[in-house]
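Structure first, commentary second.
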Amino acid sequence: MAPTELLAEQHARSIGDMLEPFGIRTVLVTGSLRTRERAMGRAAIETGQAMVAVGTHALIQEDVTFQKLGLVIVDEQHRFGVEQRDILRQKGY
Numbered sequence: 495m496a497p498t499e500l501l502a503e504q505h506a507r508s509i510g511d512m513l514e515p516f517g518i519r520t521v522l523v524t525g526s527l528r529t530r531e532r533a534m535g536r537a538a539i540e541t542g543q544a545m546v547a548v549g550t551h552a553l554i555q556e557d558v559t560f561q562k563l564g565l566v567i568v569d570e571q572h573r574f575g576v577e578q579r580d581i582l583r584q585k586g587y
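The working numbering puts the first residue of the sequence shown at 495, with every later residue one more than the last.
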């Protein structure tokens, strides 16, 4: 989870480039995505088609569920509140 859309996009691109050769799909979830793109990303996360999700605080919205959340990395965590980080952590259960 990154504090800005620009940073989330950069992370998604670099992580995706690293993991794609291993068959690991990465999706980007931000508030400014078009409705269709966001729905496709959410579906990929929910079904496990995407094993890595990178995004902004949009990742903690109620409509975003993870099939199996095993690792959470928060970039610039001081820019997020304790409650926001805890919501994301709880999505792993």
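For glycine and all other residues, C-beta sits at the position ideal for the given N, C-alpha and C.
Just checking my contact of Gly-525 with Thr-550 at CB under 8 Å: how many whole Å lie between their CB atoms?
The beta carbons of Gly-525 and Thr-550 sit about 6 Å from each other, so the pair counts as a contact at 8 Å.
Among Thr-541, Glu-531, Val-523, the one whose alpha carbon lies nearest that of Gln-555
Measuring from the Cα of Gln-555, the nearest candidate turns out to be Val-523.
Alpha carbon to alpha carbon, what distance is there between Pro-515 and Phe-452?
The question about residue 452 has no answer here: the residues shown for the chain are numbered 495 through 587.
Grab the span of the alpha helix (DSSP H) containing Gly-535 for me, first residue to last.
From DSSP, the alpha helix (DSSP H) with Gly-535 extends over 529-541.
Closest to Ile-567 by CA distance: which of Ala-547, Asp-557, Glu-577 is it?
Of all alpha-carbon atoms in Ala-547, Asp-557, Glu-577, the one lying nearest the alpha-carbon of Ile-567 is that of Ala-547.
Could one say the Cβ of Leu-527 lies closer than 8 Å to chain B's Cβ atoms, at least one of them?
Reference to chain B is not applicable here, since this structure consists of a single protein chain.
Per-residue DSSP class, three states only, for Ala-544:
The answer is coil: DSSP assigns Ala-544 none of H, G, I, E or B.
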